[in-house]
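Chains as they are written, first to last, in full-length UniProt numbering: chain V, 1 to 216; chain G, 1 to 216. For glycine and all other residues, C-beta sits at the position ideal for the given N, C-alpha and C.
Number of protein chains: 2
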Amino acid sequence: MTEAKQRTRERISRRQVDKFAERRAQLADSALRTLAELGYARTSLREIAQNSEFSHGVLHYYFADKVDLLTHCVRQFEEACVTRYDEIVARANDADELAREFAGAMAGTLDADAQMHRLWYDLRNQSLFEESFRADVLEIDRRREEMITHVVVRYAELLDRPVGLSTSVAYAMFDGLFQQMLLWHLAGDERATATLTAEVPALLRRVVVQPQPADY
Amino acid sequence: MTEAKQRTRERISRRQVDKFAERRAQLADSALRTLAELGYARTSLREIAQNSEFSHGVLHYYFADKVDLLTHCVRQFEEACVTRYDEIVARANDADELAREFAGAMAGTLDADAQMHRLWYDLRNQSLFEESFRADVLEIDRRREEMITHVVVRYAELLDRPVGLSTSVAYAMFDGLFQQMLLWHLAGDERATATLTAEVPALLRRVVVQPQPADY
DNA sequence: GAATTTTCTAGACAGTTGTCAAGAAAATAC
DNA sequence: GTATTTTCTTGACAACTGTCTAGAAAATTC
């Protein structure tokens with residue numbers, strides 16, 4: 001009896017927790033859509049609520065305050081933001097194919113998810129001014145670096161050559177290139193996608209193939 | 001008489017214009033200091049005025065509205081933001097020296113002007129969400145690319161080798177590296193400066209020295 | 001189906017924002 | 001030295017912000 005009750009209660013409680021967490025996720029999703037559209041500076045709680053099916057009051061039922069909501073957003077954002085190239089890495093039979101597929105995937109997400117990517121850079125930049133997201137942002141950045149590292153290491157493997165750079169620097173270079181192409185893309189320059197497609201394989205070669213030490 | 005009067009008037013008018021422009025510059029400077037400290041999202045007109053020696057009303061005497069002020073800020077920001085390496089380029093006698101001096105200068109400004117640099121990235125990002133600054137931001141970005149190009153081209157010259165990359169891509173890579181190191185630096189990672197100092201020459205080599213085509 | 005709990009709405013609050021206007025203060029003109 | 005123009009301050013305004021509360025609506029429990 002007591003046992004049964006307790007089990008029931010636990011089940012209910014878990015279901016409630018799940019529903020609670022589900023709604024939090026749903027609201028965080030609305031918040032992310034708003035952020036991607038307006039940017040961090042212009043996103044308000046009421047605007048977020050209008051992008052959901054609820055009124056602005058709910059936000060304070062599911063989140064303690066704005067920082068709580070935004071922190072949750074950043075955490076939830078990771079899945080969407082860290083583009084996974086694992087499949088490409090696993091499938092590629094040779095270095096050239098890997099390079100082509102990787103470049104194509106980056107160019108694809110540049111086109112398809114431009115809003116999301118600009119939000120990422122916006123949030124990462126916010127973390128330079130505000131402490132609150134910094135830890136989560138750095139964690140996401142680490143994951144992104146990890147993904148790039150996977151590709152680079154596998155590419156080097158397929159060429160049977162060592163990676164000639166620290167993974168952090170390799171990531172910084174690919175990220176810099178991607179960010180610049182995002183800038184082009186959102187400024188209306190149609191060459192962005194093509195440039196990215198062309199330059200990513202070139203960059204891969206440059207990261208792996210070492211310069212000849214005899215020449216300098 | 002009429003002539004003299006007119007000349008006087010012109011002189012006065014020009015002086016007034018100068019004073020007017022001077023005060024605008026002064027206020028824009030206060031605005032930039034505020035922006036560098038708080039970031040775009042948290043900078044208000046009253047906060048800017050408090051960082052100046054005037055009250056908040058003046059801002060609307062010298063600027064039509066907030067966008068006018070911020071646009072002026074971005075334009076004025078260029079001088080501060082585009083770090084010049086011309087002297088280093090002119091002075092360097094060989095490639096190694098150029099690489100070392102360039103890396104040192106970048107590391108120096110990373111340490112000394114971190115706030116200014118994070119503001120630059122903040123403003124550049126804002127331009128992804130808002131039309132108003134975009135043109136000016138792109139212009140500054142072009143100048144920055146130009147500066148990097150100077151260094152890279154000169155470096156290649158000193159080695160008597162061609163630059164193996166488009167200048168845009170080279171800029172994107174150096175900027176990506178710098179931005180990542182800024183992220184580290186502002187997150188309290190002391191290795192940022194040293195890493196930048198070490199990796200910039202390595203990157204220079206990689207940009208100039210071409211991979212051997214026989215190997216892939 | 002009544003009682004209770006969970007979920008959500010609507011509105012109020014205090015503070016902040018960009019903007020503007022009336023007039024004080026200062027500089028300049030005559 | 002007075003008149004006029006330029007410069008700056010002060011306070012007000014409407015709109016918006018994050019936050020909180022009272023209570024309606026819905027779901028759940030027994």
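| Item | Value |
| --- | --- |
| Spatial distance of THR34 of chain G from ASP111 of chain G (CA atoms) | 19 Å |
| DSSP three-state assignment for SER30 of chain G, whether helix, strand or coil | helix |
| For PHE20 of chain G, three-class secondary structure by DSSP | helix |
| SER166 of chain V at chain G interface by Cβ criterion, 9 Å | yes |
| Interface residues of the stretch 168 to 195 of chain G facing chain V [CB-CB below 9 Å] | SER168, VAL169, TYR171, ALA172, MET173, PHE174, ASP175, GLY176, LEU177, PHE178, GLN179, GLN180, MET181, LEU182, LEU183, TRP184, LEU186, ALA187, THR195 |
| Residue environment, ARG144 of chain G, which counts as buried when at least 16 other CB atoms sit within 10 Å | buried |
| 9 Å Cβ cutoff met for GLN180 of chain G and SER127 of chain V | no |
| Cutoff 7 Å; reference VAL153 of chain G; Cβ partners in own chain excluding five residues on either side | VAL163 |
| Validate contact between the stretch 187 to 201 of chain G and the stretch 101 to 120 of chain G using beta carbons, cut 8 Å, 3 pairs | yes |
| Contact belief for ALA36 of chain V with LEU119 of chain V at Cβ below 8 Å, rounded distance in angstroms | 4 Å |
| Segment limits, alpha helix (DSSP H) that includes ARG191 of chain V | 191 to 208 |
| Backbone secondary structure at THR149 of chain G - three-state DSSP | helix |
| Min CB distance ASP68 of chain G to chain V below 9 Å | no |
| Closest by C-alpha distance to GLU22 of chain V, when choosing among V:GLN76, V:ARG124, V:ASP122 | V:GLN76 |
| Collapsed DSSP secondary structure at GLU130 of chain V in the structure displayed | coil |
| Under 7 Å by beta carbon: chain V residues contacting ASP122 of chain G | ASN125 |
| Span separating the alpha-carbon of SER44 of chain G from that of TYR85 of chain G | 34 Å |
| Limits of the alpha helix (DSSP H) - the one that LEU110 of chain V falls within | 95 to 112 |
| Burial state of TYR171 of chain V (16 or more Cβ within 10 Å) | buried |
| 7 Å Cβ shell around ALA114 of chain V - same chain, five flanking residues per side excluded | LEU182, HIS185, LEU186 |
| Residue burial classification, ASN125 of chain V (beta-carbon count within 10 angstroms, cutoff 16) | buried |
| Proximity of LEU165 of chain V and VAL209 of chain V at Cβ, strictly below 9 Å | no |
| Cβ of TYR216 of chain V within 9 Å of any chain G Cβ | Low local confidence applies: a pLDDT of 40 at TYR216 of chain V is under 50, so the model's placement there is unreliable, with the coordinate-based value given in what follows. Yes, its Cβ sits closer than 9 Å to a Cβ of chain G. |
| Counted within 10 angstroms of its Cβ, other Cβ atoms place PHE129 of chain V as buried (16 or more) or exposed | buried |
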